[in-house]
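Residues in the sequence shown are numbered consecutively from 1, following my numbering.
The structure under discussion appears below in the form of structure tokens.
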Amino acid sequence: MKVLALSGSPRKHGNTDELLRAVVAGMRTAGAEVEVIRLCELKIAPCTGCGYCEKSGECVVDDDMTALYQKIIDTDRLVLASPIYFYGLTAQAKAFVDRTQTLWSLRHRATAKGKWLPRPDRKGLLVCVAASHGEKLFDGAILTAKYAFEAMGMAYAGDFLVRGVEGRGEMAKAKEKLEQAIQAGEKFME
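See below:
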């Protein structure tokens with residue numbers, strides 16, 4: 001089974017990447033073929049809202065998202081990982097999410113290319129880490145992810161969320177949470 005794991009963290013080797021590594025380890029243990037991509041290493045421009053994709057099924061913006069569309073279409077599962085910034089996804093993750101409008105359009109509106117009908121067994125998992133403990137800390141990210149996964153033709157399989165991890169390298173010390181993340185990765189492959 002093919003999995004695309006996307007890190008929305010702007011920091012290399014930060015807490016989000018550490019948590020994602022554990023989830024990926026669990027998926028690989030379950031036999032998945034996983035490709036990890038750091039969104040901050042790609043050039044993904046913001047959606048311009050031009051509506052071109054609604055007619056053509058293609059995005060007019062020519063950047064690294066163009067190649068990513070095919071990877072999303074080809075994958076069986078997708079993991080979106082992000083630290084929480086101001087109760088939401090990072091700018092890198094949000095730019096990616098906004099650009100999935102093209103996939104939504106390809107499924108629901110595009111006429112020039114015909115419609116894309118994704119397989120019904122596709123799933124998405126949200127993985128987030130945050131410094132604070134706010135009651136609604138993850139609500140914005142969850143809502144955004146649910147609609148993004150729908151746009152990508154995937155069911156929202158759930159999330160793995162960790163609070164109270166602030167300092168650099170703190171996630172690596174949270175052995176119990178990392179073990180739970182491995183288990184979450186294994187379960188995601190069921």
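Idealized CB from N, CA, C, for every residue including glycine.
Per DSSP, the unbroken beta strand (DSSP E) holding residue 37 starts and ends at 33-38. Just measuring C-alpha positions, the residue of 8, 73, 12, 16 sitting nearest residue 97 is 8. Residue environment analysis places residue 99 among the buried positions, since at least 16 neighbouring C-beta atoms fall within 10 angstroms of its C-beta.
In this structure, residue 25 sits away from residue 169, with a CB-CB distance that is not shorter than 8 Å. DSSP lists no beta-bridge partner residue for residue 138. In this structure residue 5 touches residue 35 by the C-beta definition: roughly 7 Å separates them, less than 8 Å. Sequence-distant partners of residue 1 (beyond 5 residues in either direction) whose C-beta falls short of 6 Å from its own C-beta, in its chain, are 32, 76.
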